[in-house]
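Chains A and B are the protein sequences, given in the same order.
Residue numbering for the first sequence is 1 to 453, as defined by this note's numbering.
Residue numbering for the second sequence is 454 to 906, as defined by this note's numbering.
There are 2 protein chains.
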Amino acid sequence: MTNEAANNRSPSRSTLSKAERSRILLAVDEAFEKQVAFLSELVRCASLRGQEAEVQEIMEAALHERGYLVDRQAIDTALIGQHPAFSPATVSYENSWNVIGTHIPVVAQGRSLILNAHVDVVPTGDPDRWQDPPFKPTRRGDWLYGRGSGDMKAGMSAAIFALDAIKAAGLELTASVQIHSVVEEEITGNGAAMALASGQTADAVLIPEPTDEKLIRANSGVIKFAVTVHGTPAHPREVSSGVSALEAAVRLIDHLRNLEARWNEEQNTRPYFNDVENPAALTIGTITGGEWIASVPSSCRFEGRIGFYPGDKPQDRMKEFEAFVATIAADDPLVQRCPEPLVQWVGVVQPGYTLAPGSEAESVLAQAYLDANASDGPSLEACVMAAYLDAALYTVHAGIPSLVYGPIAEKIHAIDERVSLSSLRRVTKTIALFAVEWCGVRRASDKNPAAVI
Amino acid sequence: MTNEAANNRSPSRSTLSKAERSRILLAVDEAFEKQVAFLSELVRCASLRGQEAEVQEIMEAALHERGYLVDRQAIDTALIGQHPAFSPATVSYENSWNVIGTHIPVVAQGRSLILNAHVDVVPTGDPDRWQDPPFKPTRRGDWLYGRGSGDMKAGMSAAIFALDAIKAAGLELTASVQIHSVVEEEITGNGAAMALASGQTADAVLIPEPTDEKLIRANSGVIKFAVTVHGTPAHPREVSSGVSALEAAVRLIDHLRNLEARWNEEQNTRPYFNDVENPAALTIGTITGGEWIASVPSSCRFEGRIGFYPGDKPQDRMKEFEAFVATIAADDPLVQRCPEPLVQWVGVVQPGYTLAPGSEAESVLAQAYLDANASDGPSLEACVMAAYLDAALYTVHAGIPSLVYGPIAEKIHAIDERVSLSSLRRVTKTIALFAVEWCGVRRASDKNPAAVI
Numbered sequence: 001m002t003n004e005a006a007n008n009r010s011p012s013r014s015t016l017s018k019a020e021r022s023r024i025l026l027a028v029d030e031a032f033e034k035q036v037a038f039l040s041e042l043v044r045c046a047s048l049r050g051q052e053a054e055v056q057e058i059m060e061a062a063l064h065e066r067g068y069l070v071d072r073q074a075i076d077t078a079l080i081g082q083h084p085a086f087s088p089a090t091v092s093y094e095n096s097w098n099v100i101g102t103h104i105p106v107v108a109q110g111r112s113l114i115l116n117a118h119v120d121v122v123p124t125g126d127p128d129r130w131q132d133p134p135f136k137p138t139r140r141g142d143w144l145y146g147r148g149s150g151d152m153k154a155g156m157s158a159a160i161f162a163l164d165a166i167k168a169a170g171l172e173l174t175a176s177v178q179i180h181s182v183v184e185e186e187i188t189g190n191g192a193a194m195a196l197a198s199g200q201t202a203d204a205v206l207i208p209e210p211t212d213e214k215l216i217r218a219n220s221g222v223i224k225f226a227v228t229v230h231g232t233p234a235h236p237r238e239v240s241s242g243v244s245a246l247e248a249a250v251r252l253i254d255h256l257r258n259l260e261a262r263w264n265e266e267q268n269t270r271p272y273f274n275d276v277e278n279p280a281a282l283t284i285g286t287i288t289g290g291e292w293i294a295s296v297p298s299s300c301r302f303e304g305r306i307g308f309y310p311g312d313k314p315q316d317r318m319k320e321f322e323a324f325v326a327t328i329a330a331d332d333p334l335v336q337r338c339p340e341p342l343v344q345w346v347g348v349v350q351p352g353y354t355l356a357p358g359s360e361a362e363s364v365l366a367q368a369y370l371d372a373n374a375s376d377g378p379s380l381e382a383c384v385m386a387a388y389l390d391a392a393l394y395t396v397h398a399g400i401p402s403l404v405y406g407p408i409a410e411k412i413h414a415i416d417e418r419v420s421l422s423s424l425r426r427v428t429k430t431i432a433l434f435a436v437e438w439c440g441v442r443r444a445s446d447k448n449p450a451a452v453i
Numbered sequence: 454m455t456n457e458a459a460n461n462r463s464p465s466r467s468t469l470s471k472a473e474r475s476r477i478l479l480a481v482d483e484a485f486e487k488q489v490a491f492l493s494e495l496v497r498c499a500s501l502r503g504q505e506a507e508v509q510e511i512m513e514a515a516l517h518e519r520g521y522l523v524d525r526q527a528i529d530t531a532l533i534g535q536h537p538a539f540s541p542a543t544v545s546y547e548n549s550w551n552v553i554g555t556h557i558p559v560v561a562q563g564r565s566l567i568l569n570a571h572v573d574v575v576p577t578g579d580p581d582r583w584q585d586p587p588f589k590p591t592r593r594g595d596w597l598y599g600r601g602s603g604d605m606k607a608g609m610s611a612a613i614f615a616l617d618a619i620k621a622a623g624l625e626l627t628a629s630v631q632i633h634s635v636v637e638e639e640i641t642g643n644g645a646a647m648a649l650a651s652g653q654t655a656d657a658v659l660i661p662e663p664t665d666e667k668l669i670r671a672n673s674g675v676i677k678f679a680v681t682v683h684g685t686p687a688h689p690r691e692v693s694s695g696v697s698a699l700e701a702a703v704r705l706i707d708h709l710r711n712l713e714a715r716w717n718e719e720q721n722t723r724p725y726f727n728d729v730e731n732p733a734a735l736t737i738g739t740i741t742g743g744e745w746i747a748s749v750p751s752s753c754r755f756e757g758r759i760g761f762y763p764g765d766k767p768q769d770r771m772k773e774f775e776a777f778v779a780t781i782a783a784d785d786p787l788v789q790r791c792p793e794p795l796v797q798w799v800g801v802v803q804p805g806y807t808l809a810p811g812s813e814a815e816s817v818l819a820q821a822y823l824d825a826n827a828s829d830g831p832s833l834e835a836c837v838m839a840a841y842l843d844a845a846l847y848t849v850h851a852g853i854p855s856l857v858y859g860p861i862a863e864k865i866h867a868i869d870e871r872v873s874l875s876s877l878r879r880v881t882k883t884i885a886l887f888a889v890e891w892c893g894v895r896r897a898s899d900k901n902p903a904a905v906i
């Protein structure tokens with residue numbers, strides 16, 4: 001970049017030569033098979049919730065090897081309930097920690113950057129329904145299959161190999177760059193919350209979630225609940241003397257569809273959400289009820305999530321949800337025969353965010369996108385994602401502009417998850433060029449530390 | 454009894470003196486606190502499925518102590534699928550065995566008898582919802598509380614203490630009497646099936662299930678199923694690309710209510726079932742679905758039971774059930790988007806039975822009932838039970854007349870299960886007088902072995 005001060009946020013292009021830019025892109029190409037091998041190694045780790053230790057050890061080694069300052073960061077549960085970036089925790093974090101790798105520049109003149117990616121993955125469903133075992137990374141044509149391949153170990157590899165390519169091109173970033181390898185994105189966001197609460201900050205964060213190479217303009221706030229319904233157990237010979245907790249729970253879920261519809265209707269008054277299908281998306285993820293095949297179930301518990309719009313406080317939506325359940329408990333003829341259902345908040349409770357158009361960060365990314373692809377091709381598209389993203393925490397609780405942009409992936413959270421490798425390559429290149437423009441570079445060979453490009 | 458041959462089935466009264474009859478009744482009264490203590494000891498054992506060893510060891514010791522020939526009888530799983538009394542097994546029976554105690558008479562001239570009771574109990578539900586811990590037998594007024602107190606450890610105590618009272622009155626039964634302390638009644642009936650398949654037979658079986666001191670005239674056949682529905686998992690950001698296995702399962706359960714209604718409608722054409730509320734009683738006992746709070750569930754499994762009428766083959770009803778599920782799978786717009794639901798048979802698949810009015814066994818029981826209570830009081834009532842009973846196996850597969858008659862109990866399979874102790878005392882007396890009349894007796898002091906009363 002030019003010698004402009006980091007905070008100047010100039011949209012002007014760096015004086016990086018075309019040849020130097022080409023060298024970076026070539027370096028991505030040259031290391032790409034190594035990148036796929038690294039990604040495969042990550043996919044091989046079944047880093048389900050609470051089981052992220054193995055993958056984080058790989059991350060730690062990979063960052064050490066590259067000369068980053070590496071910190072293993074435990075989640076300080078004392079902060080939960082204190083710091084607003086945290087959501088309720090229902091499990092121990094003893095074996096779940098973040099890994100933070102930091103590039104400390106010789107010359108610090110550019111804009112600092114956080115590259116965030118989460119290592120936790122969701123369960124696979126029945127492995128027999130997969131073409132290949134879900135934790136056996138399998139390459140078929142342009143696709144790499146495996147749980148977590150798209151969401152979002154590919155993104156993690158992009159962040160690391162983008163920075164590698166810059167170095168391989170003989171360049172050195174002239175601003176602090178942190179790699180946040182975090183846990184818990186799929187449930188609470190408490191990994192990213194910890195990274196944030198520890199005081200880690202930067203001028204921008206880029207998160208290569210699988211976005212089909214689009215930039216996220218806005219996302220939903222999400223609250224995750226567990227509802228427990230108690231019934232009155234009974235013997236099948238006298239069914240009418242009991243109230244099935246299962247039937248009451250199903251009735252309650254039916255009613256909750258009305259809450260979803262009501263929240264969905266608000267989309268017309270909210271920027272960006274006009275065309276989103278089912279922005280509130282009530283999904284019931286799990287249900288467990290009853291304990292004996294021939295008894296009327298005494299209790300039933302279901303867990304799920306519901307979305308809402310950026311700008312809304314999750315606390316208000318939680319209250320609305322609880323009041324809705326209380327009304328059903330009072331009015332529905334079946335549910336009213338049960339004790340009042342218990343609502344618990346068991347995962348993320350966070351607002352959504354928007355990335356206002358016209359930011360410097362977006363403009364640098366859009367140019368990098370063009371430079372990494374065909375300069376005369378289509379521009380970077382923006383879109384809305386009706387799901388929780390760790391980006392929300394960085395934006396809402398720390399005011400850091402968040403760029404969520406990553407590769408094409410399919411079947412995330414589903415069977416036969418896969419990521420497009422050609423897309424991953426393009427994304428890696430875009431991130432490399434973005435980092436160069438955002439952070440600035442100097443020639444690593446240059447003896448004069450002030451010799452910034 | 455008189456010197457009539459055992460097979461003569463005479464309804465005439467024995468020549469047992471009134472004083473001797475009173476001595477038996479008095480012996481029940483005198484031992485009743487001991488009986489309650491024994492019952493409490495049984496209730497203290499959490500003899501859930503697969504955990505019956507402790508209670509069976511107590512039973513074994515109790516029968517040994519009384520001089521019965523005692524046999525520990527393992528379930529021979531090789532017979533399952535071969536002998537029609539067995540239902541499918543889904544668990545190991547390594548720690549679940551029957552205990553068979555046999556009284557071998559010095560003089561065998563009367564009619565033989567099986568007293569059957571099951572020791573397995575169903576789960577408690579949330580123990581905190583009980584007034585007292587469910588496996589802490591608690592006496593309050595006329596009631597003894599505890600899981601299994603009514604269903605059916607009280608009945609077990611009645612069988613044992615009825616025979617004790619006869620002995621205490623100085624009498625000795627002149628026919629073989631077996632006590633079948635069986636497992637698995639609450640799920641498959643495979644305990645009683647084993648007792649039967651081992652060749653144990655008798656001229657009648659009496660089972661003191663909690664029937665409110667009524668005699669069971671007929672009961673339902675029952676089949677127990679598990680249905681697994683697979684959906685298409687998806688991320689909440691693209692709900693419509695998935696099919697929730699949970700929603701499909703709930704839809705399927707809704708449709709099954711129509712099958713229940715159709716089977717219930719048949720009641721008008723079936724003897725004894727006219728006035729029974731919900732004779733088919735489809736109950737869904739358990740449900741488990743999904744594996745992640747923020748995924749569209751990929752699978753959902755529910756278990757339940759449905760009843761039908763005596764005389765019907767369970768195999769026919771199973772076929773009808775399977776065909777019904779297949780039709781829903783083909784026709785319902787949501788369920789048809791899933792692979793065909795898997796129906797498994799995971800518990801009892803047995804026909805119901807009837808006890809034809811006018812049997813000798815019933816008439817002897819009815820007289821014993823009057824003699825044990827007030828002779829001028831109401832007669833023994835008969836009723837229908839729309840639930841599985843081990844009695845069905847003895848009747849249907851071995852042609853043994855089955856008398857199911859036992860104490861008043863409340864909240865079986867529910868919270869705060871309890872049995873009436875005054876009722877238990879009456880039932881114990883009735884069983885004692887029944888056994889005397891059915892099997893015949895001689896005075897234990899009599900040196901002449903042929904001196905039958």
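Beta carbons: idealized from backbone N, C-alpha and C, even for Gly.
- Chain A has no Cβ within less than 8 Å of the Cβ of ALA851/B.
- LEU833/B is positioned such that its CB atom lies no closer than 8 Å to that of LEU659/B.
- Residue contact check for GLY304/A against chain B: a CB pair falls below 8 Å.
- The beta-carbon separation of VAL419/A and ALA409/A, rounded to 4 Å, stays under the 8 Å limit for a contact.
- For the stretch 362 to 388 of chain A, the residues whose beta carbon sits under 9 Å from a beta carbon of chain B are, in order, MET385, ALA386, ALA387 and TYR388.
- The DSSP assignment places complete alpha helix (DSSP H) segments of no fewer than 4 residues inside the stretch 363 to 450 of chain A at 391 to 398 and 421 to 439, in order along the chain.
- If the five residues before and after ILE328/A are omitted, its C-beta is found closer than 7 Å to the C-beta atoms of LEU252, HIS255 and VAL335, all from its own chain and listed in chain order.
- The DSSP-derived three-state label of THR530/B is helix.
- Residue nearest to GLY684/B within the set GLN720/B, SER693/B, ARG895/B and PHE678/B is SER693/B (criterion: CA-CA distance).
- Around the beta-carbon of ASP331/A, fewer than 16 other beta-carbon atoms lie within 10 Å, marking it exposed.
- Around the Cβ of SER17/A, a 10 Å sphere holds fewer than 16 other Cβ atoms; the residue is exposed.
- For GLY811/B, the nearest beta carbon of chain A is not closer than 8 Å to its own beta carbon.
- Secondary structure of ALA570/B (DSSP, three-state): strand.
- Using beta-carbon distances, VAL788/B does not count as an interface residue toward chain A, since no partner is under 8 Å.
- At a cut-off of 8 Å between C-beta atoms, GLY608/B does not count as an interface residue with respect to chain A.
- Shortest Cα-Cα distance from GLY146/A to any of PRO134/A, HIS118/A, ASP446/A and ARG139/A involves PRO134/A.
- In the three-state reduction of the DSSP assignment, GLU184/A falls in the coil class.
- Taking a Cβ-Cβ cut-off of 9 Å, the neighbours of ILE187/A in chain B comprise TRP745, ILE746 and ALA747, given in sequence order.
- Listed along chain A is no residue with a C-beta nearer than 8 Å to that of LEU532/B; the closest approach is about 22 Å.
- A distance below 7 Å between beta-carbons, with the five flanking residues on each side excluded, links THR654/B to the following residues of its chain, in chain order: ALA851 and ILE853.
- Taking 8 Å as the CB threshold, SER298/A lines the interface with chain B.
- Within the stretch 207 to 249 of chain A, complete beta strand (DSSP E) segments of at least 3 residues are found at 215 to 219 and 221 to 230, given in chain order.
- In the three-state scheme derived from DSSP, where H, G and I count as helix and E and B as strand, ILE557/B is classed as coil.
- The C-alpha of SER602/B lies about 13 Å from the C-alpha of LEU501/B.
- The C-alpha of GLY859/B is placed about 13 Å away from the C-alpha of PHE887/B.
- Close to ARG237/A, with beta-carbon spacing below 7 Å, are these residues of chain B in chain order: MET838, ALA839 and ALA840.
- Taking all protein chains shown into account, GLY594/B has fewer than 16 neighbouring C-beta atoms within 10 Å of its C-beta and is therefore exposed.
- Counting of Cβ neighbours within 10 angstroms places ARG690/B among the buried residues, the total reaching 16 or more.
- Runs of the alpha helix (DSSP H) spanning 4 or more residues and lying entirely within the stretch 122 to 197 of chain A occur at 154 to 168 and 190 to 197, in chain order.
- The three-state secondary structure of GLN797/B, taken from DSSP, is strand.
- Taking C-alpha positions only, LEU877/B is separated from ALA714/B by approximately 36 Å.
- With respect to chain B, the C-beta atom of ASP126/A has a partner C-beta closer than 8 Å.
- Excluding residues up to 5 positions away in sequence, ILE187, THR188 and LYS224 lie with their Cβ nearer than 6 Å to the Cβ of GLY347/A in the same chain.
- The CB of PRO794/B never comes closer than 9 Å to any CB in chain A; the least such distance is about 14 Å.
- The CB of SER693/B comes closer than 8 Å to the CB of GLU277 and ASN278 in chain A, given here in chain order.
- Comparing alpha-carbon positions, the option among ARG790/B, CYS836/B and GLY534/B lying closest to THR807/B turns out to be CYS836/B.
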